[in-house]
Amino acid sequence: MLNQERVREMTRLAIFDQKEGRVCRPVIQYFRKDYIAKEMIKSFLTGTASFGLLAGMIGLYWIEDIMEQLNVTDLRQTAMRLAICYAAYMGVYFFITYLVYHIRYTRGRHKVKKYYMHLKKVNRIYQEEEQM
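Its first residue numbered 725, the sequence shown is counted upward by one per residue in my numbering.
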(Lines of atoms letter the chains of each structure in order from A; the text may use other names.)
(Lines give C-alpha, C1' and ligand atoms only; values in the text may rest on other atoms or scores of the structure.)
Protein backbone atom coordinates (compact mmCIF):
# COMPACT_ATOMS: atom_id res chain seq x y z
CA MET A 725 0.00 0.00 0.00
CA LEU A 726 1.22 3.48 -0.85
CA ASN A 727 2.03 5.93 1.86
CA GLN A 728 0.32 9.19 0.83
CA GLU A 729 2.58 11.37 2.93
CA ARG A 730 5.68 9.87 1.30
CA VAL A 731 4.19 10.34 -2.18
CA ARG A 732 3.32 13.95 -1.36
CA GLU A 733 6.84 14.69 -0.14
CA MET A 734 8.44 12.98 -3.13
CA THR A 735 6.20 15.00 -5.45
CA ARG A 736 7.38 18.20 -3.78
CA LEU A 737 10.98 17.09 -4.27
CA ALA A 738 10.39 16.30 -7.95
CA ILE A 739 8.70 19.66 -8.56
CA PHE A 740 11.63 21.44 -6.91
CA ASP A 741 14.13 19.50 -9.04
CA GLN A 742 12.32 20.39 -12.26
CA LYS A 743 11.52 24.05 -11.58
CA GLU A 744 14.01 25.51 -9.16
CA GLY A 745 16.73 22.87 -9.06
CA ARG A 746 18.90 24.26 -11.84
CA VAL A 747 18.58 27.81 -10.47
CA CYS A 748 19.66 26.67 -7.00
CA ARG A 749 22.45 24.38 -8.21
CA PRO A 750 25.14 27.12 -8.23
CA VAL A 751 24.11 28.04 -4.69
CA ILE A 752 24.96 24.52 -3.56
CA GLN A 753 28.26 24.41 -5.45
CA TYR A 754 29.79 27.66 -4.14
CA PHE A 755 30.31 29.48 -0.90
CA ARG A 756 28.65 32.91 -0.74
CA LYS A 757 31.88 34.87 -1.34
CA ASP A 758 32.91 32.65 -4.24
CA TYR A 759 29.49 32.83 -5.87
CA ILE A 760 29.33 36.62 -5.61
CA ALA A 761 32.98 37.01 -6.73
CA LYS A 762 32.30 34.90 -9.83
CA GLU A 763 29.31 37.05 -10.70
CA MET A 764 31.29 40.26 -10.05
CA ILE A 765 33.95 39.14 -12.54
CA LYS A 766 31.25 38.52 -15.13
CA SER A 767 29.76 41.91 -14.29
CA PHE A 768 33.12 43.59 -14.83
CA LEU A 769 33.25 42.23 -18.37
CA THR A 770 29.64 43.03 -19.21
CA GLY A 771 29.78 46.43 -17.47
CA THR A 772 32.90 47.44 -19.37
CA ALA A 773 31.35 46.36 -22.66
CA SER A 774 28.10 48.19 -21.93
CA PHE A 775 29.96 51.35 -20.89
CA GLY A 776 31.97 51.20 -24.11
CA LEU A 777 28.82 50.84 -26.18
CA LEU A 778 27.08 53.60 -24.28
CA ALA A 779 30.06 55.96 -24.58
CA GLY A 780 30.36 55.12 -28.28
CA MET A 781 26.69 55.86 -28.92
CA ILE A 782 26.86 59.14 -27.02
CA GLY A 783 30.08 60.01 -28.85
CA LEU A 784 28.47 59.36 -32.22
CA TYR A 785 25.45 61.45 -31.27
CA TRP A 786 27.60 64.44 -30.26
CA ILE A 787 30.37 63.89 -32.84
CA GLU A 788 30.03 67.35 -34.32
CA ASP A 789 30.43 69.14 -30.99
CA ILE A 790 33.26 66.82 -30.01
CA MET A 791 35.18 67.56 -33.20
CA GLU A 792 34.79 71.32 -32.68
CA GLN A 793 36.02 71.15 -29.09
CA LEU A 794 38.78 68.64 -29.79
CA ASN A 795 41.23 71.37 -30.72
CA VAL A 796 40.26 73.48 -27.72
CA THR A 797 39.91 70.86 -25.01
CA ASP A 798 42.85 69.28 -23.28
CA LEU A 799 42.91 65.55 -24.04
CA ARG A 800 44.08 64.71 -20.52
CA GLN A 801 41.10 66.48 -19.03
CA THR A 802 38.74 64.65 -21.38
CA ALA A 803 40.35 61.30 -20.58
CA MET A 804 40.10 62.08 -16.86
CA ARG A 805 36.39 62.88 -17.16
CA LEU A 806 35.84 59.68 -19.11
CA ALA A 807 37.73 57.68 -16.45
CA ILE A 808 35.66 59.27 -13.66
CA CYS A 809 32.44 58.49 -15.52
CA TYR A 810 33.62 54.90 -16.04
CA ALA A 811 34.50 54.51 -12.35
CA ALA A 812 31.13 55.90 -11.26
CA TYR A 813 29.27 53.70 -13.75
CA MET A 814 31.13 50.58 -12.66
CA GLY A 815 30.66 51.44 -8.98
CA VAL A 816 26.90 51.59 -9.41
CA TYR A 817 26.96 48.49 -11.63
CA PHE A 818 28.97 46.51 -9.04
CA PHE A 819 26.70 47.66 -6.21
CA ILE A 820 23.60 46.49 -8.07
CA THR A 821 25.30 43.22 -9.02
CA TYR A 822 26.30 42.59 -5.42
CA LEU A 823 22.77 43.22 -4.15
CA VAL A 824 21.11 41.05 -6.79
CA TYR A 825 23.39 38.05 -6.36
CA HIS A 826 23.50 38.32 -2.58
CA ILE A 827 19.71 38.15 -2.52
CA ARG A 828 19.66 35.29 -5.05
CA TYR A 829 22.17 33.33 -2.99
CA THR A 830 20.27 33.90 0.25
CA ARG A 831 16.93 32.90 -1.27
CA GLY A 832 18.49 29.90 -3.02
CA ARG A 833 20.06 28.71 0.24
CA HIS A 834 16.69 29.02 1.95
CA LYS A 835 15.03 26.95 -0.81
CA VAL A 836 17.75 24.31 -0.62
CA LYS A 837 17.30 24.06 3.15
CA LYS A 838 13.58 23.45 2.60
CA TYR A 839 14.47 20.82 0.00
CA TYR A 840 16.76 19.03 2.44
CA MET A 841 14.07 19.22 5.12
CA HIS A 842 11.65 17.43 2.80
CA LEU A 843 14.37 14.94 1.85
CA LYS A 844 14.97 14.13 5.51
CA LYS A 845 11.25 13.68 5.99
CA VAL A 846 11.09 11.18 3.10
CA ASN A 847 14.09 9.35 4.57
CA ARG A 848 12.42 9.21 7.97
CA ILE A 849 9.23 7.82 6.40
CA TYR A 850 11.27 5.11 4.63
CA GLN A 851 12.97 4.19 7.90
CA GLU A 852 9.61 3.99 9.70
CA GLU A 853 8.27 1.72 6.96
CA GLU A 854 11.28 -0.57 7.21
CA GLN A 855 10.81 -0.92 10.95
CA MET A 856 7.21 -2.00 10.45
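Beta carbons are placed, not taken as given, at the ideal position from N, Cα and C, and that holds for glycine.
For residue i, the three-state DSSP class (helix, strand or coil)
{"i": "residue 727", "result": "coil"}
{"i": "residue 740", "result": "helix"}
{"i": "residue 798", "result": "coil"}
{"i": "residue 829", "result": "helix"}
{"i": "residue 759", "result": "helix"}
{"i": "residue 804", "result": "helix"}
{"i": "residue 856", "result": "coil"}
{"i": "residue 754", "result": "coil"}
Same chain, Cβ closer than 8 angstroms to residue i, five either side skipped, listed in chain order
{"i": "residue 849", "result": "727, 729, 730 and 733"}
{"i": "residue 826", "result": "756 and 760"}
Residues of its chain near residue i, where Cβ-Cβ distance is below 7 angstroms and the 5 sequence neighbours each way are ignored
{"i": "residue 821", "result": "763, 764 and 767"}
{"i": "residue 817", "result": "767 and 771"}
Rounded separation between residue i and residue j - CA only
{"i": "residue 793", "j": "residue 779", "result": "17 angstroms"}
{"i": "residue 758", "j": "residue 790", "result": "43 angstroms"}
{"i": "residue 725", "j": "residue 838", "result": "Reliability fails at residue 725, whose pLDDT of 48 lies under 50, so the model's placement of it is uncertain and the value that follows must be treated cautiously. Cα-Cα distance, rounded: 27 angstroms."}
{"i": "residue 741", "j": "residue 777", "result": "39 angstroms"}
{"i": "residue 846", "j": "residue 855", "result": "14 angstroms"}
{"i": "residue 782", "j": "residue 804", "result": "17 angstroms"}
{"i": "residue 788", "j": "residue 743", "result": "52 angstroms"}
{"i": "residue 785", "j": "residue 823", "result": "33 angstroms"}
{"i": "residue 852", "j": "residue 836", "result": "24 angstroms"}
{"i": "residue 809", "j": "residue 775", "result": "9 angstroms"}
{"i": "residue 752", "j": "residue 842", "result": "16 angstroms"}
CB contact below 9 angstroms: residue i versus chain D
{"i": "residue 833", "result": "The chain inventory of the structure shown lacks chain D, comprising one protein chain alone."}
Item checked: Validate contact between the region 797-812 and the region 735-742 using beta carbons, cut 8 angstroms, 3 pairs -> Taking a contact to require three or more Cβ pairs closer than 8 angstroms, the region 797-812 and the region 735-742 do not qualify as touching.
For the region 771-779 against the region 813-820, do three or more pairs of beta-carbon atoms, one drawn from each stretch, fall closer than 8 angstroms, so that the two count as touching?
Short answer: they touch.
Assess, as a yes-or-no matter, whether the region 747-762 is touched by the region 828-838 under the definition of 3 or more beta carbon pairs within less than 8 angstroms. Contact holds: three or more Cβ-Cβ distances are below 8 angstroms.
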